[in-house]
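**Student:** Under the UniProt record's numbering, the residues of the sequence shown are numbered 1 to 453, in order.
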Amino acid sequence: MWQPRIKRTAGTKFLGLVAAIEEDIAAGLIAEGEPMPPQRGVADALGIDLTTVTRAYNEAKTRGLIVARPGRGGTRVAESAETRARRTAESPVDLSLNIPPQPARADLATRIGRAVAEVLRAGTAPVLQYLPPIGAEGDRAAGAAFLLDAFAEDVAQRLALVGGAQVGLFAVISTLLGPGDTLLTAAVTYPGARDAAERVGARAVGIAMDRDGILPEAFEAACRAGRPKALYVVPTIDNPTTATLPEARRRALAGIARHHGVAIIEDDPYRRLAADAPPAIAVFAPECSWHIATLAKIATPGLRIAYVVAPGAAALARLGDVLRATQLMPPPLMAAVAARWISDGSLARITVALREEASARQAIAAKLLAGADLRAHPAGHHAWLTLPEGWTADRFAAAAAASGVAVVPASAFAVGNTGPNAVRLSLGAAADRIALVSGLKRIASLLAAPRPA
């Protein structure tokens, strides 16, 4: 087992301990997979505080030098990049689930545990009681603060908390639509909206889009041709196409919706990944817009909290009735953790870490798939790969699966058609950058190979 030491030239004790770990791993004095000595033993051996050792071990984890294996022998020396690359070269790689990457420096497990302990210790939030269907007043105020970047006004009196964006989306669709009603969407869109519409007996109808998203003229034509109840749109880093609606187009969609009395369901989970995102559509048509913002894509899917902004008090009351019958109440403990993270800046810091990791992964994809028709936002979690002639999306997805890489074909997102010849690559789903490189190299090989007959 490693003999603890401190590199005296590092400046501080904790950095000296990290430097010693790094040097001794590089020198082969600590082998890959070797258990690290317990923190208290290191503190006693070096005559330093336990907190200094804990800080050093956490920094070493962030640098990828050591890894924690709860229940499997404690902390061990991490595999080298070369070893991980060899191990993952043929291992399955999931690029299908559109989830955020989890950078080590975000330290989500520690942050969540600390936040839960702080919330329970403070005893000020009603975390062990039933809440109103739309959430406690303090949690709603925190949500309104979170949404200030999109609305530039306090929306607390129009806001409901829900246990995740899909809960909110289903509740809004249930509030607005019924059997026989029409929900307009982009021609390819997030399938959760289509599925929710079908559950209430409504039908989803896809309308034309281009590289910037839904075409206002297509929306206008659909409104004239029928009597749609609502338009569903992901305005920023669209899932799956990655399109971001320019402000002029957002204003145009808002104006058309107001003119025809059509509600807008604005699902905006990726907004905080895009530093240059235009104002929310709901700003331009507040009286007919429902805005949904989740924490799943900018923090962790494990924090099941999202916020829904209704057009007004009456609309919020109707939504509350639906929420009472579906979720009963938002999860109190998660709501309190979200509120704490918003108020103390933790959420913003986590989002920055996720954005940086997403940007690094997008750069990897751009390099490995150079020359391909790949659309992406520089800080998005996914990319949209249009395939060359000779491939169909379904056949390419099957070929990718045969090579050990899971991707999603356009047909999974299509509304009323088979969709374009494209697949979604969810870069955040890969366990780490090494796995991502392995998966994308296999995708690149498929693109370079002769087309199937």
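A virtual CB, placed ideally from N, CA and C, is assigned to each residue, including glycine.
1. Going by the beta-carbon positions, is the gap between arginine 203 and aspartate 181 smaller than 9 Å?
2. Which residue or residues does DSSP assign as beta-bridge partners of isoleucine 66?
3. Which residue comes first and which comes last in the alpha helix (DSSP H) that contains arginine 442?
4. I want to know whether the segment 327-340 touches the segment 292-311 - three or more CB-CB distances under 8 Å.
5. Once the 5 residues before and after aspartate 212 are set aside, which same chain residues still bring their CB inside 7 Å of it?
6. Shortest alpha-carbon distance to glutamine 362 belongs to which of Thr52, Ala26, Ser426?
7. Put tryptophan 384 into one of helix, strand or coil per three-state DSSP.
8. From what residue to what residue does the beta strand (DSSP E) around threonine 294 run?
9. Could you say which of Arg5, Leu231, Ala252 lies nearest to glutamate 217 if we only look at CA atoms?
10. Nearest-angstrom Cα distance between glycine 71 and valine 77?
11. Assign glutamine 3 to one of two classes, buried (16 or more other C-beta atoms within 10 Å of its C-beta) or exposed (fewer than that).
12. Is the segment 276-287 touching the segment 121-132, taking contact as three or more C-beta pairs under 8 Å?
13. Since methionine 329 sits in a beta bridge, which residues does DSSP pair it with?
14. Using only CA atoms, which one of Ser403, Asp49, Gly135 lies nearest to aspartate 321?
15. By DSSP's criteria, arginine 375 is part of a beta bridge. Which residues make up the other side?
16. Cutting at 7 Å between CB atoms, please list the residues of its own chain near glycine 138, excluding the five before and the five after it.
17. Which one or two residues does DSSP pair with tyrosine 232 in a beta bridge?
18. For alanine 145, I'd like the list of residues in its chain whose CB is within less than 8 Å of its CB, leaving aside the five on either flank, ordered along the chain.
19. Specify, as a first and last residue, the run of the beta strand (DSSP E) that valine 423 falls within.
20. Residues in its own chain within less than 8 Å of glycine 390 by CB, not counting five upstream and five downstream?
21. Helix or strand or just coil, what does DSSP make of leucine 245?
22. So what's glycine 138 in DSSP terms, helix, strand or just coil?
23. Do the segment 372-381 and the segment 96-110 touch if we need at least three Cβ pairs shorter than 8 Å?
24. Pick helix, strand or coil for leucine 128, following the three-state DSSP scheme.
25. Going by the beta-carbon positions, is the gap between proline 179 and glycine 201 smaller than 9 Å?
26. Flag this pair as yes or no: are the beta carbons of histidine 291 and isoleucine 298 separated by less than 9 Å?
27. Considering only residues of the segment 172-222, which uninterrupted beta strand (DSSP E) runs meet the minimum length of 3 residues and lie entirely inside it, listed in chain order?
28. Under 8 Å, with one C-beta from each stretch per pair, do the segment 403-416 and the segment 260-274 reach the 3-pair mark?
29. Can you grab the Cα-Cα spacing for the pair leucine 385 / arginine 199, in whole Å?
30. Short of 8 Å in beta carbon distance, which residues of its chain neighbour arginine 395, apart from the five on each side in sequence? Order them along the chain.
31. Only counting the same chain, and skipping five residues up and downstream in sequence, which positions put a Cβ closer than 7 Å to that of alanine 444?
32. Does the count of Cβ pairs from the segment 306-316 and the segment 116-125 closer than 8 Å reach three?
33. Pull up the distance between the alpha-carbon of aspartate 44 and that of valine 53, whole angstroms please.
34. Could you tell me which residues DSSP pairs with alanine 306 in its beta bridges?
35. Using only alpha-carbon positions, find the residue among Pro133, Ala160, Ala150, Pro132 that is nearest to alanine 141.
**Tutor:** Walking through what the data contain:
1. Counting from 1 along the sequence shown, the entry for residue 203 is found at position 203. Counting from 1 along the sequence shown, the entry for residue 181 is found at position 181. In this structure, aspartate 181 lies closer than 9 Å to arginine 203 by Cβ.
2. Sequence index remark: in the sequence shown, residue 66 carries index 66 (1-based). Per DSSP, Val77.
3. Residue 442 sits at position 442 when you count from the first residue of the sequence shown. First-last of the alpha helix (DSSP H) with arginine 442: 433-448.
4. yes
5. Taking the sequence shown and counting its residues from 1, one reaches residue 212 at position 212. For aspartate 212, where only same-chain residues beyond five positions count, the Cβ hits under 7 Å are Ala243, Leu245, Pro246, Arg249.
6. Taking the sequence shown and counting its residues from 1, one reaches residue 362 at position 362. The residue with the shortest Cα to Cα distance from glutamine 362 is Ser426.
7. Counting from one through the sequence shown, the residue named residue 384 turns up at place 384. It is a strand residue.
8. Residue mapping note: residue 294 aligns to position 294 of the sequence shown, counting from 1. It spans 289-294 - the beta strand (DSSP E) in which threonine 294 sits, taken as one unbroken run.
9. The residue labelled residue 217 in the question sits at position 217 within the sequence shown. Ranking the options by Cα distance to glutamate 217, first place goes to Ala252.
10. The residue given as residue 71 occupies position 71 in the sequence shown. The residue given as residue 77 occupies position 77 in the sequence shown. Confidence in glycine 71 is poor, its pLDDT being 49 and thus under 50, which makes the residue's placement too unreliable to answer from.
11. Walking along the sequence shown from the start, residue 3 turns up at place 3. Flag for glutamine 3 reads exposed.
12. no
13. For the purposes of this step, residue 329 is taken as the residue at position 329 of the sequence shown. Partner(s): none; methionine 329 has no beta bridge.
14. Position 321 of the sequence shown holds residue 321. Answer by Cα proximity: Gly135.
15. Indexing the sequence shown from 1 puts residue 375 at position 375. Trp384.
16. Looking up residue 138 in the sequence shown gives position 138. Ala125, Ala339.
17. Translated into the one-based positions of the sequence shown, residue 232 becomes position 232. Bridge partners of tyrosine 232: Ile265.
18. In the sequence shown, residue 145 corresponds to position 145, counting from 1. Once the five neighbours on either side are set aside, the close Cβ partners of alanine 145 are Ile342, Ser343.
19. As a first step, residue 423 is located in the sequence shown; it is residue number 423 there, counting from the start. Per DSSP, valine 423 belongs to the beta strand (DSSP E) from 422-426.
20. Here residue 390 is taken as the residue at index 390 of the sequence shown, counted from 1. So the list reads Arg451, Pro452, once near-sequence residues are dropped.
21. By one-based count along the sequence shown, residue 245 stands at place 245. Leucine 245 falls in the coil class under three-state DSSP.
22. Within the sequence shown, the letter at position 138 stands for residue 138. Residue state, collapsed to three classes: helix.
23. yes
24. Start at 1 with the first residue of the sequence shown, and residue 128 comes out as number 128. In this structure, leucine 128 counts as coil in the three-state DSSP scheme.
25. Working through the sequence shown from its first residue, we reach residue 179 at position 179. Working through the sequence shown from its first residue, we reach residue 201 at position 201. A contact, by the Cβ cut-off of 9 Å.
26. Position 291 of the sequence shown, counted from the start, is the residue given in the question as residue 291. Position 298 of the sequence shown, counted from the start, is the residue given in the question as residue 298. No. Outside cutoff.
27. 182-186, 203-207
28. no
29. Walking along the sequence shown from the start, residue 385 turns up at place 385. Walking along the sequence shown from the start, residue 199 turns up at place 199. Going from the Cα of leucine 385 to the Cα of arginine 199 covers about 30 Å.
30. Start at 1 with the first residue of the sequence shown, and residue 395 comes out as number 395. Closer than 8 Å at Cβ, skipping near neighbours: Pro452.
31. Residue mapping note: residue 444 aligns to position 444 of the sequence shown, counting from 1. Once the five neighbours on either side are set aside, the close Cβ partners of alanine 444 are Leu368, Leu369.
32. no
33. Residue numbering aside, residue 44 sits at position 44 when the sequence shown is read from its first letter. Residue numbering aside, residue 53 sits at position 53 when the sequence shown is read from its first letter. Using only the alpha carbons, I get a separation of about 10 Å.
34. Counted from its first residue, the sequence shown places residue 306 at position 306. Val162, Thr294, per the DSSP bridge assignment.
35. Position 141 of the sequence shown, counted from the first residue, corresponds to residue 141. Comparing Cα-Cα distances from alanine 141 to each of Pro133, Ala160, Ala150, Pro132, the minimum goes to Ala160.
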